[in-house]
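Protein sequence lines, in the order shown, are assigned to chains H and L. The opening position of the first sequence corresponds to residue 1 in our numbering, with each subsequent residue numbered one higher. The opening position of the second sequence corresponds to residue 1001 in our numbering, with each subsequent residue numbered one higher. Presented below is the structure to which this report refers.
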Amino acid sequence: MKQKRTLSGKIVAYPHVLWSVLFIMLPLLFVLYFAFTTPDGAFTFDNIIALGNHKATFALSVSLSLLATVFCFLLGYPLAYFMAQASPKKQKLLMTLLMLPMWTNLLIRTYSMMALMDDAGLINSLLSALHLNTIRMIGTKGAVVFGMAYDFFPYMVLPLYTTISKIDKSVLEAASDLGASPAGVMTKVVLPLSSSGIISGVTMVFVPSISTFYISQKLGGGTFDLLGDAIERQFQNVNTYNVGAAISLVMMILVLLSLWVMNRFTDSDEGGTQA
Amino acid sequence: MKKLIELKNVSKAFDGEVVLDNLNLDIYDQQFITLLGPSGCGKTTTLRLVGGFETPDSGDIYFDGQRINDVPSYKRQINTVFQKYALFPHLNVFENVAFSLRLQKKGIAEIAPRVKEMLELVALKGFERKNVNFLSGGQQQRVAIARALISHPKVLLLDEPLGALDLKLRKDMQNELKKIQKQTGITFIYVTHDQEEALSMSDVVVVMADGRIQQIGAPTDIYNEPKNAFVADFIGESNIVDGVMEEDLKVTFSGHTFTCVDKGFAPKEQVDVVVRPEDVDVVSVEQGMLTGVVTSVTFKGVHYEIIVDIGGFKWMIQSTDFVGVDEKIGLYIEPDAIHIMKKSEYSGKYGDYSSFSDELDELSDASAVEE
C-alpha cells in the first residue's frame, strides 16, 4: 500500500526509526563485522570455518528446541482452542492463569525449577519420603526441554488463542453443515485458519529456545553445550568475540531460513487469485 | 405431497428466556416455505433446530419420519446458506463449492464437472480460481448457495440470505432463488423479516411472533385473510379498527354499519376489522360511508398515501387521485374489502396511523438486518 505520509505521521515514526537503527540495525552490523574479522580487525573467513567445531552444539540446540516447540504446540493448541470456545468469563480467568507465571522473572522461574528437580530437590524429597526411588532430573536433556517448554509455553498459547478466537463460528457451523465430522472441522477448517497463529507461536517458542543459555546451564547442570552457552562463552573473552559473532550470525540465518520455509509452506494454502 | 419435516411441541429457551413456545410445524417435500417475523420472533432458532445447530429443550423434530433431535448437523441431509455467507476464507471458490464432495472422498473427475454445473446454476461461470475474500456480497452469496446445493441435500435452509444485499441485487437474487428451487426440486426453508420477500417467493408463509406461530398459509391467504391484528399489521399496510358483528354479513365500525362477506361470529361479538389502504375509495362527502379530514398526503409514485382522521382514528388510504390536506372527504368501502378477525392479545396494538412515519419503519428494518 503506497500512501503519502503526513508530516505528523512522519514525526511519530522517528523515535521508532531511531530506536531500530541504534539498537537493532547497528548491533546486527557489528555482528556481521565481527564475524568476518580477526581480533585485529583484518578480514577473514576463519571464524565461519571454525564453526565446524561446533557442529554438535548446533545439532543439539536445534533438536532440543524443536522438541520443546513440539511439546508446546501439542499442549498449547488444545488449550488455546478450549479457551477460545469458553465463555468470556472463563476466557479471562484462563488468560490470567496463563499470564501469571510471566509476572515472575524468567531466571527466577528457572531457579525454582531447579529447586524442584534437583537431586535433593522437592520432587525427590517427596519420592524418598514415600520410599520410592529418586529420579535424576537435573543434567538430563529432558530437564532442559522441559525448562524451555515451561518458560516459553505462554508465547505459544497467546498467538494461537488470538487467531483461533477470531475464526467466525458460523464458518465452523458451515463445515459441520456440509458434512464435516468434528475431526474434519478441526483438520479442514480450524487448523488451516489458525496457520498464522501456529507460525507465530512456533517462532516465539523456537527462537528463544535455540538461543537460551541459562536454561541449559541451570537445568542441564553444565553437561550440555547449546548455542546460547557457546555464544555466551565466546563473548566473555575479548579475543573470541569474533567466533561468538560468527555463531550468532549463522544461528540467525538458520532461524530466518526456517521462518521463510514455514511462511512459504502456509502461503500455498491461501485462497486463490483476486477477483 | 410428502411430509418431510415435522416439528412437534418444540420449545427452546436461552438463559431462561423462552424463544420458542410449543411450536408445531409440518414442512412438505419440494415446498418453498418462509418463516416470517420481526427480530426475536424465533424464526432463526427454528431454522437452527432443523439444521442441527441447536437441540430443543422439549418436543421432537422428525425428518422423513425419523426423530432427529440428537442427530448432529453433519449427519443431516440438510444444508444451510448462512446469513453472513460463512465461506471458508482459506479456500478459493472451487474448493469452497467442492467442500462437501471432498469430504465424501470423491475423485476430481467427479468433483470438477459438478462444481462447474453448480457455478453455472448460480451464474458464476469461470469464477473457480477466484479468492472468495475479494468477491462482492452478491457473489459470495451465490458461492454459498452453490456450496450448499452441490451435495444434493433434501432441504436447504436459508437464513436471511439476502439481508446484506442492496435492493436491486436483492430482487434479482429473489427471482434466481425461486428459479433454482423450481429447477432442483429441493425443499427451501427461508427465514426473513421482509414481508414482501416472503410473499413474492414462497409457497407457504409461516408468520411468527413471540416464539409462536401466528398463521400458516399461502401468501394470498396471509395477505387477504390475516388471522389476527399482528399478522394484518406485519404483512402490508392495514387499518385495524374495533368493530361489532351485528349478525352474519353485517359489521359496525367507526359509527357505520357495513355489509361484509364474513360470518360465523356470535351476535354482537367484539371483533377487529381490517381494511387495506388500497381497498378504500375516495369519494365526495355525500357519497361516503365514512367521512374524515385529510391530515397528510405523501406522493409515493404509483399512488398518494393519504392519512385521514376519522373520528380521532387515523386511517391510511392509497389513492391515485390527489386530495388536499385539511380537505373533508368521503370514503367508500366494498363488502369484500372488509376482513373480520377475532380479538386476540394483539388487538389494539396495531393498525392506527397516528404515529406513522416512514423513517421509523426504515430504522426498524435496518436494525432487524443487524440481528
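In this text, a Cβ means the ideal position worked out from N, Cα and C, and glycines have one as well. Here the structure is a predicted model, which means the values were calculated and not measured.
Query                                                                                                                        : Result
Proximal residues of chain H, C-beta to C-beta of Q1030 (chain L) below 7 Å                                                  : Ordered by position in chain H, no residue passes the 7 Å Cβ test against Q1030 (chain L), which lies about 21 Å from the chain.
Closest residue to Q1083 (chain L) among H:N133, H:D168, H:S248 (Cα-Cα distance)                                             : H:D168
Segment limits, alpha helix (DSSP H) that includes L219 (chain H)                                                            : 214-219
Cβ-Cβ distance between V1205 (chain L) and G1037 (chain L) below 8 Å                                                         : no
Bridge-paired residues (DSSP) for I1005 (chain L)                                                                            : L:I1027, L:F1063
CA-to-CA distance, I135 (chain H) to D1070 (chain L), given in whole angstroms                                               : 50 Å
P78 (chain H) to D1029 (chain L) span [Cα, whole Å]                                                                          : 42 Å
Which of helix, strand or coil DSSP assigns to A1337 (chain L)                                                               : helix
Reduced DSSP category for D1021 (chain L) - H, G, I as helix; E, B as strand; rest coil                                      : strand
Sheet register partners of G1374 (chain L) (DSSP bridge)                                                                     : Because residue 1374 (chain L) is not part of the residues shown, which for chain L are 1001 to 1371, the question remains open.
Assumed close pair M117 (chain H), A143 (chain H) - CB separation to whole angstroms, cut-off 8 Å                            : 6 Å
Members of the region 179-198 of chain H that neighbour chain A once the beta carbon cut-off is set at 9 Å                   : No chain A appears in the structure shown, which is made up of the protein chains H and L.
Nearest-angstrom Cα separation, counted from I1189 (chain L) out to S65 (chain H)                                            : 54 Å
Cα-Cα separation, M1089 (chain L) to V1280 (chain L)                                                                         : Note on identity: in this sequence residue 1089 (chain L) is Pro, with Met being the wrong assignment. Roughly 53 Å between the two C-alpha positions.
Residue closest to L51 (chain H), alpha-carbon to alpha-carbon, out of H:F43, H:A35, H:L29, H:V62                            : H:A35
Segment contact, 8 Å Cβ cut-off, at least three pairs: the region 59-74 of chain H with the region 222-232 of chain H        : yes
Identity of the residue in L:E1128, L:D1057, L:L1157 nearest I1033 (chain L) by Cα                                           : L:L1157
Inter-stretch contact at 8 Å, needing at least 3 Cβ pairs: the region 1329-1346 of chain L / the region 1254-1263 of chain L : yes
Cutoff 8 Å: S176 (chain H) Cβ touching any chain L Cβ                                                                        : yes
Span of the beta strand (DSSP E) around I1307 (chain L)                                                                      : 1304-1310
Distance between D1221 (chain L) and L1199 (chain L) (C-alpha atoms, nearest Å)                                              : 10 Å
Helix, strand or coil at I1317 (chain L) according to DSSP, with G and I counted as helix                                    : strand
Three-state secondary structure assigned by DSSP to T1252 (chain L)                                                          : strand
Short Cβ contact (8 Å threshold) for S1406 (chain L) with V1274 (chain L)                                                    : Since the displayed chain L opens at 1001 and closes at 1371, residue 1406 (chain L) lies outside it and no answer follows.
Nonlocal neighbours in the same chain, by C-beta distance under 8 Å from E1246 (chain L), ignoring five residues either side : T1252, T1257, P1267, K1268
Beta carbon of I1213 (chain L) nearer than 8 Å to that of L1049 (chain L)                                                    : no
Bounding residues of the beta strand (DSSP E) (the contiguous stretch that carries T1187 (chain L))                          : 1187-1192
L1114 (chain L), DSSP secondary structure in three states                                                                    : Residue identity check: residue 1114 (chain L) is Arg in the sequence provided, not Leu. DSSP places R1114 (chain L) in helix when its eight states are reduced to three.
Opposing strand residues paired with M1208 (chain L) [DSSP bridges]                                                          : L:I1213
S268 (chain H) at chain L interface by Cβ criterion, 8 Å                                                                     : Legend: pLDDT at S268 (chain H) = 47, less than 50; position of this residue unreliable, no value from coordinates given.
Chain H residues whose Cβ lies nearer than 7 Å to that of Y1304 (chain L)                                                    : Within chain H, no residue comes near Y1304 (chain L); the closest Cβ sits about 44 Å away, beyond 7 Å.
Distance CB(L1331 (chain L))-CB(V1283 (chain L)) smaller than 8 Å                                                            : yes
The region 1095-1107 of chain L touching the region 1045-1062 of chain L, judged by at least three CB pairs closer than 8 Å  : no
Cutoff 8 Å: L1103 (chain L) Cβ touching any chain H Cβ                                                                       : yes
Any chain L beta carbon closer than 8 Å to S165 (chain H)                                                                    : no
Coarse secondary structure for Y33 (chain H), derived from DSSP in three states                                              : helix
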